[in-house]
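Everything below concerns the one structure shown next.
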Amino acid sequence: MIKDNLISKISIFSDGNVIGRIGGNVPEFFLDKLGDIQGHKFYLTVQNPDDGHEYITILIPEGHEDMIDNNIYPNCSVKVFTHPFSDESNNYVFTIKHINKAVVVGYDKVESEEFDFITKTEDARLIQSEDYYFDALQKDGYEFFMQIDEDYYPDALLDGDYIFGYGALYLYKNISGGNIVAGFWQCS
917 MIKDNLISKI
927 SIFSDGNVIG
937 RIGGNVPEFF
947 LDKLGDIQGH
957 KFYLTVQNPD
967 DGHEYITILI
977 PEGHEDMIDN
987 NIYPNCSVKV
997 FTHPFSDESN
1007 NYVFTIKHIN
1017 KAVVVGYDKV
1027 ESEEFDFITK
1037 TEDARLIQSE
1047 DYYFDALQKD
1057 GYEFFMQIDE
1067 DYYPDALLDG
1077 DYIFGYGALY
1087 LYKNISGGNI
1097 VAGFWQCS
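Going by my numbering, the sequence shown opens with residue 917, and the numbers climb by one from there.
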């Protein structure tokens, strides 16, 4: 049986089914958890495609070298948090200055071979398919959940370098506990 993908896109317009945003300030949820996010910058927050009441927020390390050296679970330096809906805060300390804030719209059901900025799918579209990316994840009971792909950034989104080196971030979900982690990121 062929399953459909769920995709979401980046938009400069706030019309449509807004399910999150890329760039801007950290969600208010983190204002009393600043110690947990020190050394990181806010990348995006998006509705969990499996639970409309839960949001997934991704923070990246301030230092790009840390990101490069620690790009695979269990040592992936990209942090993933789940939480209830939270408005954008006024705290700009954790803002990535070269991302021009935009909304994320979706989720749209599409054919299984169609991908976009965020894609919830059964099988990841990988840049590199080496076993060492998945071994520890599978051993610890994680399965692929969704991917975030920089190939689908609109032209005006960035005023600087790509966050993942023109690559993709792959999120994994624990089969028994349900927690979501950054499995790994890859670049071309």
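Using N, Cα and C, we set each Cβ at its ideal position, and we do this for glycine too.
These numbers come from a predicted model, not from an experiment.
Non-local C-beta neighbours of Y1008 in its own chain, meaning closer than 6 Å and more than five positions away in sequence, comprise N941, ordered along the chain.
Our two residues, I976 and Y1023, have alpha carbons roughly 24 Å apart in a direct line. Under DSSP, S924 shares a beta bridge with G1022, I1034. Exposed is the label assigned to P990, since fewer than 16 other Cβ atoms lie within 10 Å of its Cβ. Around the beta carbon of E1059, a 10 Å sphere encloses fewer than 16 other beta carbons of the protein chains shown; the residue is thus reported as exposed. F1061 sits in a strand when the DSSP states are folded into three classes. By the neighbour-count criterion, in which 16 or more other beta carbons inside 10 Å mark a residue as buried, F929 falls on the exposed side.
The beta carbon of G1081 lies closer than 7 Å to those of C1103 in the same chain, with the five residues before and after it left out.
A straight-line Cα-Cα distance of about 12 Å links S1045 and W1101. Within the segment 1040–1084, the runs of alpha helix (DSSP H) that reach at least 4 residues and sit entirely inside it are, in chain order, 1051–1055.
F958 places its beta carbon 9 Å or farther from that of I1043. For the set K925, S1002, M1062, the Cα lying nearest the Cα of A1018 is the one of K925.
With fewer than 16 other Cβ atoms inside 10 Å of its own Cβ, T998 counts as exposed.
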